[in-house]
DNA sequence: CATGAATGAGACTTCATTCAT
DNA sequence: TATGAATGAAGTCTCATTCAT
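Written out as structure tokens, the structure reads:
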């Protein structure tokens with residue numbers, strides 16, 4: 012009856028400050044919610060209901076809200092999660108010996124990743140820009156490095172800018188989604204983009 | 012930046028081909044609703060309310076519902092309208108003397124068109140596939156012709172299929188939206204796609 | 012633009028003052044509306060829409076409203092119409108030579124009449140008491156006479172009062188409706204009521 | 012006028028047999044909703060609003076909808092409840108030593124019951140046939156038994172069929188409602204029906 | 001006078017969020 | 001702490017009635 016409304020300290024995805032370690036069962040519940048949310052939003056789009064997420068997770072709504080104070084927050088957590096995966100892809104590519112191979116790899120693996128959570132991306136797409144900022148910045152940084160190297164090596168045309176990369180990624184995402192069911196489609200598309208990026212040799 | 016894609020002024024005389032000869036004022040109202048809807052959905056996304064559309068149109072909700080029995084139906088009408096504009100672009104391109112120029116033109120003008128109703132497209136995106144079927148089929152047909160000609164003329168690589176065009180269009184749409192505010196971004200993107208499409212000369 | 016809202020003088024069912032004679036086409040329209048209303052309310056119950064009535068009548072809603080200023084009013088007109096038919100039955104029965112035969116006849120014919128517009132009665136039932144007052148009074152009067160005669164002739168038990176007749180009529184109506192499809196049911200019921208009414212001979 | 016039909020006090024413990032073990036407070040709320048609905052529908056007829064029911068129950072609309080997903084469902088629950096009370100009457104009558112007394116009792120007590128929720132019945136009447144099927148079947152069964160016994164004992168005319176009972180019940184209901192305010196009316200009516208049912212002794 | 005498009009209060013229902021158990 | 005019942009603002013849609021054409 013006293014400080015009940017004090018901010019619940021449970022959300023480890025909070026981008027400011029060090030995430031507090033969760034008790035084992037709390038972490039398990041958080042994961043369950045996230046998985047259920049992924050499924051449900053993928054199946055029903057962004058208008059899916061929190062109740063359904065809770066049911067799928069085998070938990071009460073209250074528990075979902077304990078971990079994610081808002082539907083928005085849950086969706087954002089999913090987005091962060093997704094960008095973290097992309098980040099892994101991009102940062103690994105920095106280790107590639109050949110700069111162009113690294114960049115090329117990012118496109119392919121990102122596309123593959125996007126095919127995984129196609130439906131989910133669709134559900135989150137419109138908000139994409141105002142969300143998961145931290146992860147997006149890091150992704151941007153990795154991209155800049157990859158691009159600069161590839162350009163220095165002469166493999167990529169010089170007029171492309173780092174800020175073009177998110178544009179490319181988004182367009183790949185769109186292509187993957189629109190290819191629904193026909194991977195050859197987006198395969199061709201990614202090839203085409205890669206070709207387009209290669210430096211023109213006059 | 013040419014005036015190629017000057018916003019079509021929503022010609023109120025061609026929304027309906029044969030269906031019903033609407034009374035003059037009814038037609039005017041229908042157009043008002045459509046315009047208001049475009050604005051509102053662009054501003055607030057797909058979750059905008061019909062009441063707002065009505066208010067913006069200066070009409071009662073009832074009138075909106077008389078013309079579009081469902082929110083869905085209104086959104087679909089908007090989609091049809093959009094695809095009709097793309098259709099005009101594509102069909103005009105069929106008249107081009109040079110096949111590749113025709114196809115290239117379609118990409119550019121479509122992108123310009125998409126920049127017009129960027130926000131609106133975002134609002135409609137997820138449903139795009141189950142909607143405006145008739146228009147989409149005609150668009151597909153025009154696309155097929157353009158592509159075949161361009162391939163025969165040797166300007167476009169042979170492995171591209173007609174079904175790749177929608178994928179390309181969608182990806183261009185995504186690129187345009189993601190470029191928000193920076194046209195050079197998607198300009199570069201469209202160039203890149205065009206380059207990628209040109210036949211490789213070994 | 013001036014006295015447009017002056018009371019329209021069209022409604023001949025207005026119980027006060029002499030009904031103004033209608034122009035031929037106006038009368039025809041009124042009749043059409045009434046017939047359509049009978050059908051529609053019978054089919055869909057009291058919640059049917061005026062638009063449907065208008066459509067069925069082959070007229071615009073405006074015309075319906077010209078004749079019946081209110082949905083209520085239309086329903087009442089139907090009720091009046093129904094009670095007028097019952098009235099005819101009762102008044103004819105006054106001519107019967109045998110008092111009991113007359114009364115008996117009223118029960119049977121009323122039941123038959125009710126079977127006709129079973130669905131319609133159902134739609135109007137709940138309001139029955141506050142409507143068609145004039146007709147109901149006349150019906151009551153005829154009933155009183157019939158009953159008194161029959162009682163004087165010794166055919167009907169003395170404790171029945173004139174006010175019991177509407178109760179009997181309503182119960183017959185309910186029986187008829189509940190017999191839906193099985194006339195023998197309500198036949199038996201009417202017989203039972205008649206038997207119950209005969210004077211007990213100890 | 013005896014105390015035979017003292018209003019059953021809406022026993023909150025027997026509304027649901029096996030379906031779901033409701034939490035104590037949930038059950039209490041369900042009962043509150045049902046009571047409020049009874050009142051409101053009785054007062055305002057079937058077109059009463061759910062919001063009013065909720066307000067009367069001192070609960071939010073959402074709670075009403077949690078218990079009854081539809082206005083229809085709420086009305087049906089009320090109907091079931093009503094038939095359950097009639098069922099109790101009929102099944103108790105099966106214990107009567109004298110068959111005719113048992114049947115007679117059913118008519119009287121049913122009428123008394125109907126006087127209780129006169130207004131409510133009026134509100135539900137039209138739908139009565141497609142609703143509360145299970146309860147109506149059991150009622151029918153009890154009725155059949157009562158009738159057969161009474162016929163075997165020679166107290167009731169042989170040509171009456173079990174299926175006539177619902178017809179009789181409905182007609183009694185109509186009579187009770189139409190007697191509004193004058194119990195002697197429907198008393199006389201029930202007597203008359205009972206008399207009509209007695210076997211004719213030639 | 002007839003027509004049917006327009007109106008908008010108000011109905012039903014949903015669902016994110018809170019809170020008692 | 002977890003649960004799920006309760007809440008009620010808000011959204012979609014209907015339909016009796018009005019009024020410009």
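Residue numbers (my numbering), protein chains in the order written: chain A, 12 to 213; chain B, 12 to 213; chain C, 12 to 213; chain D, 12 to 213. Every residue, glycine too, gets a C-beta built ideally from N, C-alpha and C.
Between the alpha carbons of residue 81 of chain A and residue 48 of chain A lies a distance of about 13 Å.
When Cβ-Cβ separations below 8 Å define contact, residue 182 of chain C makes contact with chain D. Less than 8 Å divides the Cβ of residue 124 of chain D from the Cβ of residue 100 of chain D.
The Cβ atoms of residue 102 of chain A and residue 153 of chain A lie closer than 8 Å to each other. Per the C-alpha coordinates, the member of C:199, C:183, C:156 positioned closest to residue 106 of chain C is C:156. Residue 203 of chain D is positioned such that its CB atom lies no closer than 8 Å to that of residue 168 of chain D. Per DSSP, residue 186 of chain B is one residue of the alpha helix (DSSP H) stretching across 175 to 189.
Boundaries of the alpha helix (DSSP H) harbouring residue 132 of chain D: 129 to 135, taken from the DSSP string.
In the three-state reduction of the DSSP assignment, residue 67 of chain D falls in the helix class.
Separation of residue 42 of chain A and residue 53 of chain A (C-alpha to C-alpha, rounded to the nearest whole angstrom) is 16 Å. For the 8 Å CB-CB criterion, residue 187 of chain A and residue 129 of chain A form a contact.
Per DSSP, residue 193 of chain A lies in no alpha helix (DSSP H) and is assigned neither H nor E. Residue contact check for residue 197 of chain D against chain C: a CB pair falls below 8 Å. With distances taken between CA atoms, residue 181 of chain C lies nearest to C:97 out of C:97, C:193, C:160. Under a criterion of Cβ atoms nearer than 9 Å, no residue of chain C is adjacent to residue 54 of chain D; the nearest Cβ is some 13 Å distant.
Around residue 177 of chain D, the beta-carbon contacts reaching into chain C at under 8 Å are 189.
Pairing residue 148 of chain C with residue 190 of chain D, the inter-Cα distance amounts to about 16 Å. Proximity to residue 57 of chain B across B:90, B:210, B:78, B:118 peaks at B:90, based on C-alpha coordinates. Cα atoms of residue 79 of chain B and residue 174 of chain D: separation of roughly 49 Å, rounded to the nearest angstrom. Out of C:206, C:117, C:210, C:178, the CA that lies nearest to the CA of residue 195 of chain D is found in C:178. Within chain A, no C-beta atom comes nearer than 7 Å to that of residue 99 of chain B; the closest sits roughly 22 Å away. One thing to note: residue 210 of chain C has its Cβ within 8 Å of the Cβ of residue 166 of chain C. Residues of the segment 157 to 176 of chain A that bring their beta carbon within less than 9 Å of a beta carbon in chain B comprise 168, 170, 171, 172, 174, 175, in sequence order.
When only Cα atoms are considered, residue 60 of chain C and residue 134 of chain C end up about 13 Å apart.
In the DSSP assignment, residue 144 of chain B falls within the alpha helix (DSSP H) that extends over 144 to 163. Distance from the CA atom of residue 131 of chain B to the CA atom of residue 111 of chain A, rounded to whole angstroms, is 37 Å.
Contacts between residue 204 of chain D and chain C, judged by CB atoms closer than 8 Å, involve 203, 204, 207 in chain order. Close to chain A, meaning a Cβ-Cβ distance shorter than 9 Å, is no residue of the segment 67 to 78 of chain B at all.
The C-beta of residue 39 of chain D has fewer than 16 other C-beta atoms within 10 Å across all chains shown, which makes the residue exposed. Close CB contacts of residue 160 of chain B within its chain, under the 6 Å cut and outside five residues either way in sequence, are with 110 (chain order). Using a Cβ-Cβ cut-off of 8 Å, residue 186 of chain A counts as an interface residue toward chain B, since at least one Cβ of chain B sits closer than that to its own. Taken through DSSP and simplified to helix, strand or coil, residue 167 of chain A comes out as strand. Residue C:201 holds the alpha-carbon nearest to the alpha-carbon of residue 185 of chain C among C:171, C:201, C:86, C:93.
Listed in chain order, the non-local C-beta contacts of residue 114 of chain D below 6 Å within the same chain comprise 157, 161, local neighbours out to five positions each way being set aside. Within its own chain, the residues whose Cβ lies closer than 6 Å to the Cβ of residue 164 of chain A, once the five positions on either side in sequence are excluded, are 110, listed in chain order.
Here the C-alpha atom of residue 88 of chain D lies approximately 49 Å from the C-alpha atom of residue 93 of chain B.
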